[in-house]
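So the sequence shown is numbered by the working numbering: it starts at 470 and just counts up by one.
We treat Cβ as the ideally placed atom computed from N, Cα and C, and that holds for glycine.
The block underneath contains the structure these notes are about, expressed in structure tokens.
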Amino acid sequence: MIQVPGYILTKKLGVGGMATVYLALQTSLQRQVALKVMAPAFAADRSFANRFVTEARTIAELNHPNIVAIHDVGVTEDGLHYFAMQYLPNGDFQSRIDAGIRERELIRVLLGICGALQHAHERGFVHRDVTPGNVLFDNSGMPVLTDFGIARVVTEATRMTATGLSLGTSHYMSPEQARGRRVDFRSDLYSLGAVTFEALVGRPPYDGDDSFAVAYAHVYDPLPKVPQRLSRWQAFIDRAMAKDPADRFQSAAEVRASLQQYLEETSRNGRRAPETPTRSEVEQPTVPLRLHRGPVGGEGRLRWLKLALGRRPRDWLTGIAPALKWGGAWIADIFSRSLPTRWLVSALVVVVIAAFALAWLWRPSTRPPALVPEPDVIATDSVPAVVEKELEPEPELEPEPEPVPVDEAAPSGEELAEVVSFEPDDPALVDIENGEVVGGSAQNDDAMARQFRERILAQVTAANQNLNDDKLTTPAGDNALEKFEEVLSLDPGNIQARDGLDRIVLRYVALARARIRAGRYDTARLLQSRGVEVAERHDLLNRFEDDLASIDSLGFENAAAAARRAAERGAVDEAEREYREALNFRPGDPRVAAELELLLNPPPTGPVTLSDTLADGVAGPQMVVLELGASRLAVGATEITVDQFRRFMAAGGYQDRKTPACRNYESMWRSSRRRTWENPGFEQTGRHPVVCVSWIDAREYASWLSAQTGQTYRLPTEAEWRALAAGSEARDDCAANLADSALKREESGRRALPCDDGWSFTAPVGTYAGSEAGILDAVGNVREWVSDCTQQSRSGACREHAVLGSCWLDPEPPGGAVARESFDEDHAYNTVGFRVVREI
């Protein structure tokens, strides 16, 4: 089990998606706590760590008896965040709902949750995951709200999370939370309404095959209805779970006030009597057979006696059937054993007694699965007596009217109801043909109401088809926007039409981003402006501000990257055009403005440089043209970098050869194939000189570069290398990347220069000033392979080649001589790289 300083972990209480909760003993105070420890898989994920710490800080800010208390926060030696909180041993609300909860107890629990939510809301926090499983009970039975893992401070820009991801439990999340929209305190009140419905009825308000189906039901399905026996709760459910947040309770205080009224009604004249369940509720086939669990104490014994004396024969027979089945099998087994007669008689007596006992215990339960109605209690001077109210006869139902024939080709009433949010108000009705208001009674005119629904359905269908065809706002008279607006003019609360407006804006965003990736910036800006117009026209700008702004960010990044690529290959006109496009998306960006200025007004030229283009259009190594004696030679300005070598490896690289073992610190005892040019034993970026490459690797890179450019590249000779390195001697300490205090911190005991340049090992090429000819890093950083052979085998083949220069491992004093080493051609070292030359 994991080790947490200061705590003794005794058992695991639960495992979640990002943490595990343990029962632990806090040794300093000798008290039991619930210790929540982040899962090891997320230790390196900063976003999960931040969310975990945020949960602890959120709870710590909320000091309320109905909110779980935080005792301690810390990090283990393994880097796992944890926090200790109040231990709540009396189970969760979900288990009490499953077992059946009385009405007064339900209201008591709901009032406690309301107190917790009111406290959190007043301090700006939305819980966003109010579920029965997140309500636990302390030793005194007080409900305590837990799991603030996805709670957050509400601001004007509060949304669910990035990219439309909705967090929370789907059975209890509000419509706006299910759709990934902005949420506020009223989202928690919706979840509380869903919890109330489940406690009353015994099942969540909506269910489905998966979380998406449940979330869809929260957005589009009608409000859930409680059974007739619980009808007095329907008004509370309707208001708490209203689809539009404006129609819900507006604060937890309002919910508390409403629940207090229900509590007063329940407490008036003693406890509220159980309401008569309807026949359909009693005969529900989904109610399971269960052992009867009556109340305990004096009141319980009276009720057991009354029920025992008053049972009907049918109930006894129903309960005795399974008992006789079990007993018969047992008797048959006894007879098969040929036991003595006295044993058989005893077995028969036991079976008869057991059958009647099981008939009493194992009988069909007609109790509703969730809410247990309170018995009616009459107060007396002694023990309260429980009485049963007489059941009133069920009222006779009026005969159902004959169904009206419906045209099979016409849409059904259910299909029409999905797209219409209201009935036309009486006495005015919309004239479908002329769009005018005419007299009449909408409630009594079924034909006109159906015609109204058909018009709405037709317009929504046509608008969705326009949207699929990308006819968003044009052409005039045949576009999605106009049709959705027409639907809203007839039915202002139509959900599909309002969702259609959202889809139009998001479609413009998607189209604009696609045009940016294709380099069609003008078209992208036009599409963006149309999306902004739709959003402003229907007050959606705040909702989609981030999505619309993302077009500018993507356009800027895409154009700036294209400009830099064009500048690298010398296409000045193209680079200027792309830079100006980037500034159109983000005017005044200092970096792009500086790069454009440098492109248009380059500094005075120094040494003559060139860069050949590779087959894929990428620029090759930067070369400096030097006059070496009577010949001219293009020499690499720097050593070959990791990025440049990576292109060679991606094109074939070592081919059939194995990656050579790389030696650390040039030691013959520290050779390992786990060290490679990508992982030489220390961190490098693409701009660092490539190391852990053999002389053969360097030669093959030069051959590949020649094939890519059509020019002749090779490794320099020792004489050429010494000539090009002339004038590169270090003039003072840390003028080149040599062994200094930075390396000594990593490897104590080594000789080092009395300075610190910040680089313990290699540094990016070009970090230090080079020679006047433009040659960089000839001193320090890495040694370099040259083409000269220093040792041949008996067959005449070369076995070792020269390596020249100093490296990050050498404490070479300023102005020191050029070092020369001889290494096997198939060995690699994390101190040795190479540069190339090109013949002119």
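Practice problem: For Ala1228, name the three-state secondary structure that DSSP assigns. | Solution: If you number the sequence shown from 1, residue 1228 lands on position 759. The question names Ala, but residue 1228 in the sequence shown is Trp. Trp1228 carries a coil assignment under DSSP once its states are collapsed to helix, strand and coil.
Quiz item: What span of residues does the beta strand (DSSP E) with Cys1258 cover, start to end?
Solution: If you number the sequence shown from 1, residue 1258 lands on position 789. Its beta strand (DSSP E) spans residues Arg1252 to Gln1261.
Self-check item: Beta carbon of Gly1000 nearer than 7 Å to that of Val1041
Solution: Stepping through the sequence shown from its first residue, residue 1000 is reached at position 531. Stepping through the sequence shown from its first residue, residue 1041 is reached at position 572. Going by C-beta atoms, Gly1000 is not nearer than 7 Å to Val1041.
Quiz item: Whose CA, out of Arg573, Glu591, Arg592 and Ile566, lies closest to the CA of Val463?
Solution: Residue 463 lies beyond the residue range present for the chain, which begins at 470 and ends at 1309; the question has no answer from this structure.
Quiz item: Should the region 533 to 552 be called in touch with the region 477 to 486, which here means at least 3 C-beta pairs below 8 Å?
Solution: no
Quiz item: With contact counted as at least three CB pairs below 8 Å, one residue from each stretch, are the region 704 to 716 and the region 655 to 675 in contact?
Solution: As far as the Cβ criterion goes, the region 704 to 716 touches the region 655 to 675, which means the pair count is three or higher.
Exercise. Report yes or no: do three or more beta-carbon pairs, one from the region 1024 to 1034 and one from the region 1053 to 1066, lie closer than 8 Å?
Key: yes
Quiz prompt | Neighbour-count burial assignment, Ser639, 16 or more Cβ in a 10 Å radius | solution = As a first step, residue 639 must be located in the sequence shown, where it is residue number 170. Its Cβ being crowded by 16 or more others within 10 Å, Ser639 is buried.
Quiz item: Tyr551 and Met507 look like a contact to me (Cβ under 8 Å); what is the Cβ gap, rounded to whole Å?
Solution: On the sequence shown, position 82 is the one that residue 551 refers to. On the sequence shown, position 38 is the one that residue 507 refers to. Sure, about 7 Å apart at Cβ, within 8 Å.
Quiz item: Smallest Cα separation from Pro1149: which of Asp690, Phe1230 and Leu692?
Solution: In the sequence shown, counting from the first residue as 1, residue 1149 sits at position 680. Selected option, being the one with the closest Cα: Phe1230.
Exercise. Label Ala503 either buried or exposed according to how many other C-beta atoms from any shown protein chain fall within 10 Å of its C-beta, with 16 as the threshold for buried.
Key: Position 34 of the sequence shown holds residue 503. Ala503 comes out buried.
Self-check item: CB contact flag (Pro1158, Gly1302, <7 Å)
Solution: Here the question's residue 1158 lines up with position 689 in the sequence shown. Here the question's residue 1302 lines up with position 833 in the sequence shown. Their beta carbons are under 7 Å apart, which means Pro1158 touches Gly1302 by this criterion.
Quiz item: Under a Cβ-count criterion, where at least 16 other Cβ atoms within 10 Å of its own Cβ denotes burial, should Ile1309 be classed as buried or exposed?
Solution: One-based indexing of the sequence shown puts residue 1309 at position 840. Exposed, because fewer than 16 other Cβ atoms sit within 10 Å of the Cβ of Ile1309.
Quiz prompt | Buried/exposed call for Tyr1048, threshold 16 Cβ in 10 Å | solution = In the sequence shown, residue 1048 corresponds to position 579, counting from 1. Result: buried.
Exercise. Take Glu1064 as the anchor and find which of Gln1091, Ala1036 and Leu1079 has the nearest alpha-carbon.
Key: Position 595 of the sequence shown, counted from the start, is the residue given in the question as residue 1064. For Glu1064, the nearest C-alpha among the options comes from Ala1036.
Practice problem: Can you tell me which of the three DSSP states Tyr641 falls into? | Solution: If you number the sequence shown from 1, residue 641 lands on position 172. Tyr641: coil per DSSP, three-state reduction.
Quiz item: Do you know how far the Cα of Leu699 is from the Cα of Glu744?
Solution: Your numbering for residue 744 matches position 275 in the sequence shown. Your numbering for residue 699 matches position 230 in the sequence shown. Confidence is the limiting factor: at Glu744 the pLDDT is only 41, short of 50, which leaves the residue's position unreliable and the question unanswerable from this model.
Self-check item: Identity of the residues DSSP links to Thr1110 by a beta bridge
Solution: Within the sequence shown, the letter at position 641 stands for residue 1110. Its beta-bridge partners are Pro1158.
Quiz item: Which residue comes first and which comes last in the alpha helix (DSSP H) that contains His1007?
Solution: Residue 1007 sits at position 538 when you count from the first residue of the sequence shown. Run containing His1007: none; DSSP gives neither H nor E here.
Quiz item: Using 8 Å as the threshold, is the region 1159 to 1169 in touch with the region 1108 to 1124, meaning 3 or more CB pairs across them?
Solution: yes
Quiz prompt | CA-to-CA distance, Asp1257 to His1296, given in whole angstroms | solution = Within the sequence shown, residue 1296 is the residue found at index 827, counting from 1. Within the sequence shown, residue 1257 is the residue found at index 788, counting from 1. Distance between the alpha carbons of His1296 and Asp1257: 16 Å.
Self-check item: Given Gly1105 as reference, the closest of Glu1253, Glu955 and Ala568 once Cα atoms are compared
Solution: Taking the sequence shown and counting its residues from 1, the one referred to as residue 1105 is at position 636. Per the Cα distances, Glu1253.
Exercise. For my contact list, Leu1273 and Glu1135 are in at a C-beta cut-off of 8 Å; report their separation, rounded to the angstrom.
Key: Taking the first residue of the sequence shown as position 1, residue 1273 is located at position 804. Taking the first residue of the sequence shown as position 1, residue 1135 is located at position 666. Incorrect: roughly 14 Å between the Cβ atoms, too far for contact.
Practice problem: Please confirm whether Gly1227 and Ala1205 have their CB atoms less than 7 Å apart. | Solution: Indexing the sequence shown from 1 puts residue 1227 at position 758. Indexing the sequence shown from 1 puts residue 1205 at position 736. No, they are not a contact pair.
Self-check item: Tyr556 (DSSP reduced to helix, strand or coil)
Solution: The residue you call residue 556 lines up with position 87 of the sequence shown. Coil at Tyr556, not helix or strand.
Self-check item: Proximal residues to Ala493 (C-beta, below 8 Å), its chain only, five neighbours per side dropped
Solution: As a first step, residue 493 is located in the sequence shown; it is residue number 24 there, counting from the start. So the qualifying residues of the chain are Val473, Tyr476, Ile477, Leu478, Thr479, Gln501, Val502, Ala503, Leu504 and Ala553.
Quiz prompt | For Asp676 and Thr489, the rounded distance between their alpha carbons | solution = Taking the sequence shown and counting its residues from 1, the one referred to as residue 489 is at position 20. Taking the sequence shown and counting its residues from 1, the one referred to as residue 676 is at position 207. So the alpha carbons of these two residues sit roughly 28 Å apart.
Quiz item: Would you call the region 969 to 987 and the region 927 to 939 in contact, with 3 or more CB pairs under 8 Å?
Solution: yes
Quiz prompt | The beta strand (DSSP E) enclosing Asp707, as first and last residue numbers | solution = Counting from one through the sequence shown, the residue named residue 707 turns up at place 238. It is not in any beta strand (DSSP E) - Asp707 instead sits in the alpha helix (DSSP H) that spans Gln703 to Ala709.
Quiz prompt | Beta-carbon proximity list for Arg1038, same chain, < 7 Å, skipping 5 on both sides | solution = As a first step, residue 1038 is located in the sequence shown; it is residue number 569 there, counting from the start. Only residues of its own chain outside the window of five on either side were considered, and among them Thr1082, Gly1086 and Ala1088 have a CB closer than 7 Å to the CB of Arg1038, listed in chain order.
Quiz item: How many Å lie between Glu1043 and Leu1069 at the Cα?
Solution: Taking the first residue of the sequence shown as 1, we reach residue 1043 at position 574. Taking the first residue of the sequence shown as 1, we reach residue 1069 at position 600. If you draw a straight line from the Cα of Glu1043 to the Cα of Leu1069, it is about 12 Å long.
Quiz item: In chain order, what residues of the same chain have a beta carbon less than 6 Å from the beta carbon of Asp1293, not counting five sequence neighbours either side?
Solution: Translated into positions along the sequence shown, residue 1293 becomes position 824. So the qualifying residues of the chain are Glu1269.
Quiz prompt | Where Tyr659 falls: helix, strand or coil (DSSP) | solution = Locating residue 659 in the sequence shown gives position 190, counting from the first residue. Correct three-state label for Tyr659: helix.
Quiz item: If Arg1139 and Arg1132 are in contact, beta carbons under 8 Å, what's the gap, nearest whole angstrom?
Solution: Position 670 of the sequence shown holds residue 1139. Position 663 of the sequence shown holds residue 1132. Sure, about 6 Å apart at Cβ, within 8 Å.
Exercise. Label Val1306 either buried or exposed according to how many other C-beta atoms from any shown protein chain fall within 10 Å of its C-beta, with 16 as the threshold for buried.
Key: Within the sequence shown, numbered from 1, the residue matching residue 1306 stands at position 837. Answer is buried; the Cβ neighbour count reaches 16.
Quiz item: Under a three-way DSSP split, which group does Ser1100 fall into?
Solution: Taking the first residue of the sequence shown as 1, we reach residue 1100 at position 631. The answer is strand: DSSP assigns Ser1100 an E or B state.
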